[in-house]
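There are 2 protein chains.
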Amino acid sequence: MNKIILLKNRPTGKPTLSDFEFSEEERPKAKEGELLLKAKYVSVDPYLRGRMRDEKSYIEPFKVGEPLESGIIAEVVESNNRNFKRGEFVNGTLKWKQFQTSNGNGLNKVDREKAPLKAYLGVLGLTGITAYLGLDKIGKLKKGETLLVSGAAGAVGSVAGQIGKIKGCTVIGIAGTDEKTDRIQEKFGFDGTINYKTSKDMKTAIKEACPNGVDVYYDNVGGETLDAALANMNKFGRVINCGAISLYNETKTPTGPRVESTLIKNSILMQGFTVRDYIKDFGPAQNQLAKWMEADKISYLETVVEGFDNIPQAFIDLFEGKNKGKMIVIV
Amino acid sequence: MNKIILLKNRPTGKPTLSDFEFSEEERPKAKEGELLLKAKYVSVDPYLRGRMRDEKSYIEPFKVGEPLESGIIAEVVESNNRNFKRGEFVNGTLKWKQFQTSNGNGLNKVDREKAPLKAYLGVLGLTGITAYLGLDKIGKLKKGETLLVSGAAGAVGSVAGQIGKIKGCTVIGIAGTDEKTDRIQEKFGFDGTINYKTSKDMKTAIKEACPNGVDVYYDNVGGETLDAALANMNKFGRVINCGAISLYNETKTPTGPRVESTLIKNSILMQGFTVRDYIKDFGPAQNQLAKWMEADKISYLETVVEGFDNIPQAFIDLFEGKNKGKMIVIV
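So the protein lines, in turn, are chains A and B. Numbering-wise, the numbering used here comes out as the position in the first sequence, counting from 1, plus 78. Numbering-wise, the numbering used here comes out as the position in the second sequence, counting from 1, plus 78.
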């Protein structure tokens, strides 16, 4: 049999296990032109929360009663498609199923000689590429500038900060525990950190951590942290709105201070960033990240959870900040 | 004697006449290298409200007890500077004084053969250039797109919309009276209009007026109109945050729905625009606008108030929307 995980109902607020349904189906067979894939590593990411809402976004919402999906590294266990061989590994947006078939569209082969397979879900995968392209397309970092990163201990933030260091910037990271802020400085080489949970006044905390102001803010969290960052942006500052995890579980439209006067005063740019808008740039971004990894210029952390059945809990744990770096489930 | 107008105190909320002091001083004399200027046309603009606050912005705040200043067309009535001749007219940021001296720095000569002098405060001046460069630098309008403009009957908005038509876009304008919305369509050739004062639900009103969604929003007002526009922006939409007149007289930090999730969902760009950031582009912008004016592709309206003593009232009237197009005081 084949285990599968379906969306049982759309979560209200924070997702819970009761929003997921564990089910089984017959193991599928690969038809002519198809592959049979066995999931190996499953990526769980905060943006999936958005797909659980029934609303138009950059990506189709999940349907109730159907399997969820995310970035998955899978092994080709059977191939009736001449482009793929049995024993190869592929990366793609795949369903939360132990086994599934595919016609090969949208799959990329991954080379386990070049990097550990899991890295293709993290620093060489969508999260690393998100960090790289967000900075490249919107941040346009210049040497000597100050880069502020929220969610800095996370999969995207930790890479974004390290790229900032490679580019010759002063990099300050925001995270929610002292253990995380220590890690940001020690393992990822950030110049300074802010613990947003113990800081009484984030606006002042950022001002003190960034005495020359903030030129680029890589935002993964939104909400009050964004407000505080905006108050510290320099003239011509750029905000990469990559994520807003602080708002994902809100049930009402969140409100906050209006931004327009601040944007006008300092000619600030804010732009929503979705890595899928830049698919044609994935290759060069991945190559650059692989080079930096090889040269030991980029470190990364993973939290690896074992067992197919634990995918939903691993996802839920993201909202408690239980992960260190990229959260991955090994099936 | 020489009449002058000083900032008496910083307004709380909407400015009133009691915030201004009418005074007199001796008429100044031009020293070696200086000019004596006589104010002819004085521009009053919403952004001056920002300079009345004691806070850092893109331009220095006015000082209490000192003369205010704005864009002024003045006649050279005496010249000890070989770059300027008596009888010439200049445009510059000058003080609210009938007569004043200048060393010529920051003054541009204006050619009354090319266009009426007043046009250099409007369509060929900062307001026209603001419309042009905001669209050029941030809006990056493409033929066939939908441009939404707020403050569309005003000095900046009316030119922005006409440029949109020249570029082959569908242009919808927002204004606050039926007389204004009629004017936008009849005189300025907009494709459609919305009266925000009589529309019950601006989000729906914009949706109906822009069935293909909004690609570029030229925002002069901020606040709830901006919220409604953001809800209607297409993927990769661009918001030019040029002004926020609806918030200028607020005494507390205004709040509203948070924008970050909306920006992320549709990869929307919002950027604060201040024309003074692009001084090197003023010449080409003015030339292009002059060509369009000559070819009758751009119309404009002015509200001309007479008398030096009426400058403050003309400024105050901007916040009641009493102007039709550019508000100018003839001295």
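For glycine and all other residues, C-beta sits at the position ideal for the given N, C-alpha and C.
Could you work out which residue in T352(A), Y378(A), Q240(A) and L379(A) is closest to L126(A) when comparing CA atoms only? Nearest of T352(A), Y378(A), Q240(A) and L379(A) to L126(A), Cα basis: T352(A).
Using 8 Å as the limit for Cβ to Cβ distance, is N344(B) near chain A? By this cut-off, N344(B) is an interface position.
Extent of the continuous beta strand (DSSP E) run through F100(B): The continuous beta strand (DSSP E) containing F100(B) extends over residues F98 to E103.
Given that a residue counts as buried once 16 or more other Cβ atoms are within 10 Å of its Cβ, and exposed if not, what is I323(B)? Here I323(B) is buried. Its C-beta has 16 or more other C-beta atoms within 10 Å.
Kindly list, in the order they appear in chain B, the residues whose Cβ is closer than 7 Å to that of V337(A). The contacting residues are V337.
Contacts that T333(B) makes with chain A (C-beta to C-beta distance below 8 Å): For T333(B), the chain A residues whose C-beta falls within less than 8 Å of its own C-beta are T333, G334, P335 and R336, listed in chain order.
Step through the CB atoms of chain A and report whether any lies within less than 8 Å of the CB of Y198(B). Answer no: the Cβ-Cβ gap between Y198(B) and chain A never drops below 8 Å.
Please state the DSSP three-state secondary structure of Y198(B). In the structure shown, Y198(B) adopts helical secondary structure according to DSSP, grouped into three states.
Hey, could you find the ends of the beta strand (DSSP E) A209(A) is sitting in? Annotation: A209(A) is outside any beta strand (DSSP E); the continuous alpha helix (DSSP H) that includes it extends over L204 to G212.
So which residues of chain A does T329(B) contact, with C-beta pairs closer than 7 Å? Neighbours of T329(B) on chain A: none; closest Cβ ~13 Å, over 7 Å.
Once DSSP output is grouped into helix, strand and coil, what is the label at T224(B)? Here T224(B) sits in strand by DSSP.
Quick check on the burial criterion: 16 or more other C-beta atoms within 10 angstroms. Buried or exposed for I284(B)? Under the 10 Å beta carbon count, I284(B) is surrounded by 16 or more other beta carbons and is classified as buried.
Report the residue from S148(B), F177(B), E138(B) and K192(B) whose alpha carbon sits nearest the alpha carbon of A373(B). Just measuring C-alpha positions, the residue of S148(B), F177(B), E138(B) and K192(B) sitting nearest A373(B) is K192(B).
Determine the chain A residues that contact M450(B) at a beta-carbon separation under 7 Å, and present them in chain order. Here chain B covers residues 79 to 409 and nothing more, so residue 450(B) does not appear.
Please report the residue range of the beta strand (DSSP E) in which K116(A) lies. DSSP places K116(A) inside the beta strand (DSSP E), whose first and last residues are L113 to S121.
Length of the line joining the Cα atoms of L319(B) and R164(A): At residue 319(B) the sequence reads Asn, which differs from the Leu that was named. One Cα belongs to N319(B), the other to R164(A), and the distance between them is close to 55 Å.
C-beta neighbour in chain A for S148(B), strict 8 Å: Chain A, which has no Cβ nearer than 8 Å to the Cβ of S148(B), makes this no.
Pick out the complete alpha helix (DSSP H) segments inside the region 357-395 of chain A, 4 residues or longer, and give them in chain order. Those alpha helix (DSSP H) runs which fall completely within the region 357-395 of chain A and span 4+ residues are 360-372.
Within chain B, the residues that L325(A) reaches when beta carbons sit closer than 9 Å: Within 9 Å Cβ-Cβ: R336, E338 and S339.
Put N80(A) into one of helix, strand or coil per three-state DSSP. Of the three classes helix, strand and coil, the one that applies to N80(A) here is strand, per DSSP.
When you compare each of N310(A), S339(A), G242(A) and T271(A) to K375(A) by their alpha carbons, which one comes out closest? If we check each option's Cα against that of K375(A), G242(A) comes out closest.
Note down the Cα distance separating G267(A) from Y210(A), rounded to an integer number of angstroms. So the two alpha carbons sit approximately 17 Å from each other.
If distances are taken between C-alpha atoms only, which option among F98(B), T329(B) and V122(B) comes closest to T381(B)? That would be V122(B), whose Cα lies nearest to the Cα of T381(B).
How big is the Cα-Cα spacing for V237(B) and I272(B)? Between V237(B) and I272(B), the C-alpha separation is close to 17 Å.
On the CB-based measure, 16 or more other CB atoms within 10 Å of its CB, does I357(A) come out buried or exposed? Burial call: exposed.
Give me the subset of the region 198-221 of chain B whose CB atoms are less than 7 Å from a CB atom of chain A, sorted by chain position. Near chain A, meaning a CB-to-CB distance below 7 Å, no residue of the region 198-221 of chain B qualifies.
I want to see whether chain B comes within less than 8 Å of P224(A), judged by CB atoms only; does it? A quick correction: the sequence has Thr, not Pro, at residue 224(A). So, not an interface residue.
In whole angstroms, what is the alpha-carbon distance linking P335(B) and L114(A)? Distance between the alpha carbons of P335(B) and L114(A): 46 Å.
Out of curiosity, what's the CA-to-CA distance linking K402(A) and D260(B)? Using only the alpha carbons, I get a separation of about 60 Å.
Considering only the beta carbon of each residue, do Y378(B) and K400(B) sit closer than 8 Å? No; because the gap between Cβ atoms is not below 8 Å, this pair is not in contact.
I'd like the span of the alpha helix (DSSP H) that includes L341(A), first residue to last. That run of the alpha helix (DSSP H) goes E338 to K343.
For the beta strand (DSSP E) holding D293(A), just list the boundary residues, first then last. Run containing D293(A): V292 to D297, per the beta strand (DSSP E) assignment.
Consider the C-beta atom of G212(A) and the heavy atoms of the ligand FMN; say whether any pair is separated by less than 7 Å. Here there are no bound small molecules, and the ligand FMN is not part of this structure.
Tell me the rounded alpha-carbon separation between L172(A) and F360(A). Each residue's alpha carbon lies about 18 Å from the other.
Contact between the region 142-161 of chain A and the region 98-114 of chain A: three or more CB pairs below 8 Å? The region 98-114 of chain A and the region 142-161 of chain A touch, with three or more beta-carbon pairs separated by less than 8 Å.
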